[in-house]
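Residues -24 to -1, 1 to 520 in mature numbering (1 follows the signal peptide of the UniProt record, and there is no 0) are what the sequence shown spells out, letter by letter. All C-beta atoms, glycine included, are put in the ideal place defined by N, C-alpha and C.
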Amino acid sequence: MRALVPFRARGLALPALLASSVLVGCGAKKEAAPVIGTAVVDRRTIVVDAQATGAVEPINVIEVKSKASGQITRMPVETGSQVKAGELLVQIDTRDVKNQYEQSAADLRSAQASLEVAQSQKKRSDELYKTRIITTQEYEAAQLGLTQAQGAIVRASTNVDLAKQRLEDATVIAPVNGTIIDKPVSLGQVIASATGSVSGGTTLLKMADLTKVRVRALVNETDIGNVRPGQSTRVTVDAYPERPFQGVVEKIEPQAVVQQSVTMFPVIVSLDNNEGLLKPGMNGEVSMLIDRRDNVLAVSNDAVRTVREAAVAATFVGLNPDRVSAQVREMQAQMRSSGGGNGAGAGQPAGDMPSAKAVQMGEKKADAKGAPTSDRRGGAPTAAGGNSGGNGGARSAGGSVTRVRTALVFVEDAPGKFSPRLVRLGASDYDFSEVVSGLKEGEKVATLAVQALQAKRDQQNDRFRSMTGAGGMPGVQSTTGGAGGRPAGGGGGGGGGGGGGARGRWWRASSRRSLTCYTPRPFAWRWARCEPTNCARSSPCLAS
């Protein structure tokens, strides 16, 4: 016989039964806290350079043409041949020009004979005219004959010179030392002369001096201000990836080039190529040295965040975002009051940066007075936006100026415990940034690169939800109402887009079979998982 449970007992047991079923169904198993990576602040060399790509090309390309027309009878060079000035390149058929030369030479000899006769007649006419044997008209005719004979000599000599020049033009020689880089004609081909116009005629060969080459690199307009003529560069080509070639910036062309809506400026880099390893057309990567800092205190770029990212970054290290934002604002105020916004040069003394501990007492007083805090989750509160200070410059030995900027890092005070700190950074490469002030050698800072990537992805999802005004992206749903029955606050229809409530709960699809619910807490994010078949999306997430 089944035992009957009293009504009061059933009433008392039912809530406990429901609570236990929800705990079992939603999976109250506590997940391990995510591991936060750290990086040590140490000394290293920072090299700042501007990267660009370009192709190797000769400085001067000479198009070899012939002033003579005819058939090519000799061509002893090929593409790639090294030639010296005066060596034979192409021989054109000389039969026609040689005949013209011989005819001109014969005309010259005839003119010379006529001149001798005219001179003899002029001499006799002078004697006869003195004795009045010939008339004045006969004397003047003899004088005219001599003048005409002299003119014939000039014309004949000029024709001989022209014929000789045409004969020499049939033999094409190298104008300078260089390398044959193109050979568009072949033996036996009939070519046309280029005497009609400079651009006319048949191009026989192209040659260039490859002992010095250049790279025409396109530099982004954001980097062109740091590039100047005479600057040293390093060029790497795919053919010799382990061997960089040293070059010098020759000039910066004034006309910009726009490619795919990106504005770039051509920069000409000249290189010595005495070994002949660089060939025209090779693709090269140009690295132009902008600044170099040796043995300076440096921090990993993965640990550096902007001041605007204070609230978002705080959640990654388990800190209250509102409290961190307030601390950052207080540190900024201390920097402005101490004149830290003017920056400091590298090697110049700079004041210590305020830390979170220095403003902790002020925070407690503000909390006791009920000071309002921001509920924004999509980013740092607007009061903390923007970088304060950092307007000074750090000047290197080469004369380039590196802007000093203010950034945010999280310093590890104890294992797993972090506090925010504002620092001043100078020169920066792809991996590290120079520490001007704010950090000491040996300190550890939290690396937040992976977490920041995920945060940007979340912001994109929130932006999508706020624009659509619907339930957000597929597989993502939010619930209203937080602890104590407070609303989740502002985002769009997706609940939380663009800055949801401080105590709201959001659901996110982590796989096809499970949902991840994360609930913001004053000092940490707590996670819990539940199966969709056992736990409704709109039900509260039970996270211990």
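Coil, strand or helix - residue i by DSSP
i           : result
Lys43       : coil
Ala232      : coil
Pro297      : helix
Val260      : Per the sequence presented here, residue 260 reads as Gly, with Val not at that position. The answer is strand: DSSP assigns Gly260 an E or B state.
Val66       : strand
Val288      : helix
Ser404      : strand
Lys416      : coil
Leu91       : helix
Ser86       : helix
Lys227      : strand
Ala215      : coil
Glu388      : strand
Lys393      : strand
Arg305      : helix
Ile200      : helix
Ser442      : helix
Ser313      : helix
Pro52       : coil
Gly30       : strand
Asn75       : helix
residue 572 : For the chain, the structure presents residues -24 to 520; residue 572 sits outside this window and is missing.
Ile129      : helix
Terminal residues of the beta strand (DSSP E) in which residue i lies
i      : result
Glu410 : Phe408 to Ser413
Lys182 : Thr179 to Ala184
Val17  : Segment: none, Val17 is in no beta strand (DSSP E) and carries neither H nor E.
Ser169 : Element bounds for Ser169: n/a, residue is neither H nor E.
Ala279 : That residue, Ala279, is in no beta strand (DSSP E); it is neither H nor E in DSSP.
Lys188 : Lys188 to Asn196
Ser57  : Element bounds for Ser57: n/a, residue is neither H nor E.
Val380 : Taken as a continuous stretch (DSSP letters only), Val380 belongs to no beta strand (DSSP E), as it is neither H nor E.
Asp248 : Val238 to Asp248
Close Cβ partners of residue i (< 6 Å) along its chain, the five nearest in sequence each way excluded
i           : result
Ala87       : Ala128, Ile129 and Ala132
residue 524 : The structure shown does not extend to residue 524, since the chain spans only -24 to 520, so no value can be given for it.
Leu424      : Ala289 and Phe292
Arg269      : Ile22, Ala403 and Glu410
Ala139      : Gln76, Tyr77 and Ser80
Gly154      : Met183, Ala184 and Asp185
Met51       : Val66 and Leu163
Leu104      : Ile110
Asp158      : Lys182
Glu39       : Thr179 and Lys182
Sequence-distant residues of the same chain with beta carbon closer than 8 Å to residue i, five excluded per side
i           : result
Ala168      : Ser45, Gly176, Gly177 and Thr178
residue 544 : Since the displayed the chain opens at -24 and closes at 520, residue 544 lies outside it and no answer follows.
Leu84       : Ile129, Ala132, Ser133, Asn135 and Val136
Val411      : Val17, Val272, Leu273, Ala274, Val275, Val399, Arg400, Leu401 and Gly402
Asp72       : Gly46
Pro34       : Ile157, Ala184, Asp185, Leu186, Val189, Arg190 and Pro256
Gly54       : According to the sequence as given, residue 54 is Glu; it is not Gly. Taken in chain order, the residues that qualify are Ile156 and Lys159.
Gln124      : Ala94
Cut-off 7 Å between Cβ atoms - residues of its own chain near residue i, not counting five sequence neighbours on either side
i      : result
Thr70  : Leu143 and Ala146
Ala279 : Ala15, Val385, Val421, Ala422, Thr423 and Leu424
Phe499 : Below a pLDDT of 50, predicted positions are generally treated as unreliable, and Phe499, at 36, falls in that range; no measurement from the model is reported.
Asp405 : Ile22, Val23 and Val24
Ile149 : Gly62, Glu63, Leu64 and Leu65
Gln126 : Leu91
Gly252 : Leu186
Asn249 : Leu186, Thr187, Lys188 and Val189
Asp214 : Asn259
Cβ separation of residue i and residue j, assumed to be a contact under 8 Å, to the nearest whole Å
i      : j      : result
Leu295 : Phe394 : 7 Å
Glu226 : Pro205 : 7 Å
Lys188 : Ser263 : Not quite, the Cβ-Cβ distance comes to about 20 Å (not below 8 Å), so this is no contact.
Ala26  : Val203 : 6 Å
Val59  : Ile156 : 7 Å
Gly121 : Ala94  : 5 Å
Gly418 : Arg397 : About 15 Å; that fails the 8 Å criterion.
Ser208 : Gln222 : 7 Å
(message) Quick check for students: name the residue ranges of the alpha helix (DSSP H) that lie wholly in the segment 94 to 123, counting only runs of 4 or more.
(response) none
(request) With a floor of 3 residues, list each beta strand (DSSP E) that falls wholly inside the segment 131 to 161, ordered by position along the chain. (result) 147 to 149 and 154 to 158
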